[in-house]
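To start, the structure under review is shown below, and the notes come after it.
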Amino acid sequence: MSSTPHPACPVTVPLCLLAPGVQAEIFKLGGKDAINHRLRELGFCEAAKVKKISGRTTVMCEVCGTKLAISHELAQLIHVQPVAAMAGVR
């Protein structure tokens with residue numbers, strides 16, 4: 050059995066667990082409709098590139114060319130696929 054992820058099963062992590070400085074692609078939003086709508090208004094859309102800058106209780110990140118600080122709770126709802134993990138899938 051291969052340990053390489055299958056393209057249909059991408060490796061995703063919550064944005065809050067991403068290491069600082071790592072760029073990722075947003076895979077899905079896991080909140081309720083109203084929260085997901087607001088996150089999309091802020092630029093956290095599926096397939097958008099996001100970079101975590103720092104943070105644990107408040108997560109500082111860059112999305113759509115804008116630096117934003119969001120709560121740890123919101124960052125838990127944003128599931129991302131690190132760019133390095135995506136390189137092996139393509």
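Take the sequence shown: its position 65, counted from the start at 1, is 114 in the working numbering, and no numbers get skipped. Note that the Cβ used here is the ideal one computed from N, Cα and C, for glycine as well. Being a predicted model, the structure only gives us computed values, none of them experimental.
Here Cys94 is not bridged, per DSSP, to any residue. In the same chain as Lys116, and ignoring 5 residues on each side of it, the C-beta atoms closer than 8 Å to its own belong to Ile102, Met109, Cys110, in chain order. Relative to the Cα of Val99, the nearest Cα in the group Val60, Gln130, Pro59 belongs to Gln130. Of the residues Val62, Val132, Glu122, the one whose Cα lies closest to the Cα of Gly80 is Glu122. With a 10 Å radius around the Cβ and a threshold of 16 neighbouring Cβ atoms, Ala133 comes out exposed. Put simply, the backbone Cα of Cys65 is about 15 Å away from that of Leu88.
Here Glu122 is not bridged, per DSSP, to any residue. With respect to Gly92, Ala124 sits apart: the two C-beta atoms are not nearer than 9 Å. With contacts defined by Cβ atoms closer than 9 Å, Pro59 and Leu126 do not form a contacting pair.
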